[in-house]
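When you number the sequence shown by my numbering, it's gap-free, plus one each residue, and the end is 327. Backbone N, C-alpha and C define an ideal beta-carbon position, used for all residues, glycine too. Since the structure is predicted, the reported quantities are computational estimates derived from the model, not experimental observations. For reference, the structure discussed in these notes is given below.
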Amino acid sequence: MYKKLGFLLLSIIFVFLIGSQKLYAYESHNVKDYLNYLTEKEVNNLQRSIDKIKEKHDLELVIVITDDTEGKSSMEFADDYYDYNGYGVGDDHSGLLLLIDMNARVAWISTTGSAIVFFDNSKIDEILDKVTPYLTDGRYYNASKAFVNFVRSDLSYFYRALSMLFSLQSILIAIVISLIVTIILSISSKGKVTVDSRTYEEAGGFKLDVVKDQFIRETTTRVKIETSSSSGGGGGGGTHIGSSGRSHGGGGRSF
């Protein structure tokens, strides 16, 4: 009897321990997986990448995976989660949050501060193009990694282009300064001009030949210049105010 009770008790403890391991969700400061979709290694890999982006580009990234948005829409929950948990860099709290809402099956990206400018509607769509196919397949780590990688590569490209622009600007400034100095030196020169039309003439060697042009005919060529009547447009990221009073941009998509 006691042996059976002891075995039953051990079985209950074993099941409880196994169940606890399954229910335990790995998370870090910037990766909040409340559904235990990510392994500890995957969470740590994402956190390291996010830390590097924050250090290099002054933008904070957050990833939240949940099926409970507390009765709020995906947009409202994403904005509030970012604001009320103290995320963001600088006075404008710059950064992005990716919410994977498993209840509504929506991926929502909330932008704040300078991220609103960097990642407008078209950029948000590009990110979602990368992320949502993975979510449809249940590959949550790949989706999170695609989000982080897109932000990192896009920011790196922007700052490389900005650096090249400043380099070109420096070259143009140097050329302008050189031209100004040359003009000033030429104007301020006191020397007399010692070269005239006779300097390179040999004595008695100048002879003027008469050249006569005879008009034969006139030919006119007309070229039609085509103009395009179509006009392209780009979308800017619209903003809204969260419950904290802070401005946010962003967008989402079902998966």
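(request) For residue 195, name the three-state secondary structure that DSSP assigns. (result) helix
(request) Taking 8 angstroms as the threshold, find out whether the region 216 to 227 comes into contact with the region 189 to 206 through three or more Cβ pairs. (result) Touching, yes, given that three or more Cβ pairs across the two stretches are closer than 8 angstroms.
(request) Grab the span of the beta strand (DSSP E) containing residue 179 for me, first residue to last. (result) 178 to 184
(request) May I ask you to report which of helix, strand or coil DSSP gives residue 226? (result) helix
(request) Could you name the residues of the same chain whose beta carbon sits closer than 6 angstroms to that of residue 298, not counting the 5 residues immediately before and after it, in chain order? (result) Bear in mind that a pLDDT of 41 at residue 298, under 50, signals an unreliable position, so the number given afterwards is only what the model happens to contain. By the criterion of a C-beta distance shorter than 6 angstroms, residue 298 is surrounded by no residue of its chain, once the five residues flanking it on both sides are discounted.
(message) Could you tell me the alpha carbon to alpha carbon distance between residue 118 and residue 103, rounded to whole angstroms?
(response) 7 angstroms
(message) So for residue 104, helix, strand or coil by DSSP?
(response) strand
(message) As a quick exercise: from 318, 226, 222, pick the residue whose alpha carbon is nearest that of residue 159.
(response) 318
(request) Go through its chain and collect everything with a Cβ distance to residue 143's Cβ below 6 angstroms, but skip five positions before and after it. (result) none
(request) Below 7 angstroms CB to CB, which residues in the same chain sit around residue 212 once its five sequence neighbours on both sides are set aside? (result) 109, 110, 137, 172
(message) Using the three-state DSSP reduction, which class does residue 82 fall into: helix, strand or coil?
(response) With a pLDDT of only 45 at residue 82, under the threshold of 50, the placement of this residue in the model should not be trusted, and no figure is reported.
(request) Compute the Euclidean distance between the alpha carbons of residue 193 and residue 311, then round it to the nearest angstrom. (result) 10 angstroms
(request) Alpha carbon to alpha carbon, how far is residue 209 from residue 133? Give it in angstroms, no decimals. (result) As the crow flies, the alpha-carbon of residue 133 is around 23 angstroms from that of residue 209.
(request) Can you grab the Cα-Cα spacing for the pair residue 225 / residue 320, in whole Å? (result) Rounded to the nearest angstrom, the two C-alpha atoms are 22 angstroms apart.
(request) Measure from the alpha carbon of residue 223 to the alpha carbon of each residue in 112, 107, 128, 325, then state which is nearest. (result) Ranked by how close their Cα comes to the Cα of residue 223, the residues 112, 107, 128, 325 have 128 in first place.
(message) Can you check which of these residues, 101, 252, 114, is closest to residue 153 by C-alpha distance?
(response) Considering only 101, 252, 114, the residue with the shortest C-alpha distance to residue 153 is 101.
(message) Determine whether the beta carbon atoms of residue 314 and residue 151 lie at a separation below 7 angstroms.
(response) Contact: yes.
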